[in-house]
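*Asks:* In this note's numbering, the protein residues as written are 1149 to 1290. Where a beta carbon is used, it is the ideal one built from N, C-alpha and C, also for glycine. Owing to the predicted nature of the structure, the values given are computational and were not obtained by experimental measurement.
#1: Can you tell me whether residue 1165 is buried or exposed? The criterion is at least 16 other CB atoms within 10 Å of its CB, across all chains shown.
#2: With DSSP run on the structure shown, which of helix, strand or coil describes residue 1175?
#3: Apart from the five residues on each side of it in sequence, which residues of its chain come closer than 6 Å, Cβ to Cβ, to residue 1206?
#4: Buried or exposed: where does residue 1182 fall if 16 or more other Cβ atoms within 10 Å of its Cβ makes it buried?
#5: For residue 1234 versus residue 1197, is the C-beta spacing smaller than 7 Å?
#6: For the candidate residues 1195, 1177, 1170 and 1230, whose alpha-carbon lies nearest to that of residue 1187?
#7: For the beta strand (DSSP E) that contains residue 1217, what are its first and last residues?
#8: Please work out which residues of its chain come closer than 6 Å, Cβ to Cβ, to residue 1252, disregarding the five sequence neighbours upstream and downstream, and give them in chain order.
#9: Residue 1232 and residue 1219: beta carbons closer than 7 Å?
#10: Compute the Euclidean distance between the alpha carbons of residue 1228 and residue 1158, then round it to the nearest angstrom.
#11: Closer than 6 Å by C-beta to residue 1185: which residues in its own chain qualify, once you throw out the five before and the five after it? Chain order, please.
#12: Between the alpha carbons of residue 1175 and residue 1162, how many angstroms are there, rounded?
#13: Quick check on residue 1242 - is its C-beta less than 7 Å from some C-beta in chain B?
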């Protein structure tokens, strides 16, 4: 069975054991459902918006690497997103977010105001470069 969600700027499709994400005119990503380590729908704003959160394990089992996909869901589309997450849990055995997760800790280098974001763990050189750039921005007198 194919399930597709669409709202302006984003499309999520579940079909034939794959989750596909498309950002209009920007990017496309496809992941095997059996690599999905989390599928959850979280409240995002008082007006009813939600946030879909997916975490995917990478192909190397000896690492703890994850790819994280976060999507803001308009209030009108939250029910469809809830059904997609329920199908992933029930039919595919994808877990929800960990019960002991501290929701006050935000993922590093992921802007909360972003409507959609794709994140893979940064290596030490990239993290050092990011810190250097942020320090220079903070110290810029303009």
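*Replies:* Taking the geometry as given:
#1: exposed
#2: strand
#3: 1213
#4: exposed
#5: no
#6: 1230
#7: 1214-1221
#8: Because the pLDDT at residue 1252 is just 49, under 50, the model does not fix this residue reliably, and the value given afterwards should be weighed accordingly. No residues qualify anywhere along the chain.
#9: no
#10: 14 Å
#11: 1203 and 1205
#12: 17 Å
#13: No chain B appears in the structure shown, which is made up of a single protein chain.
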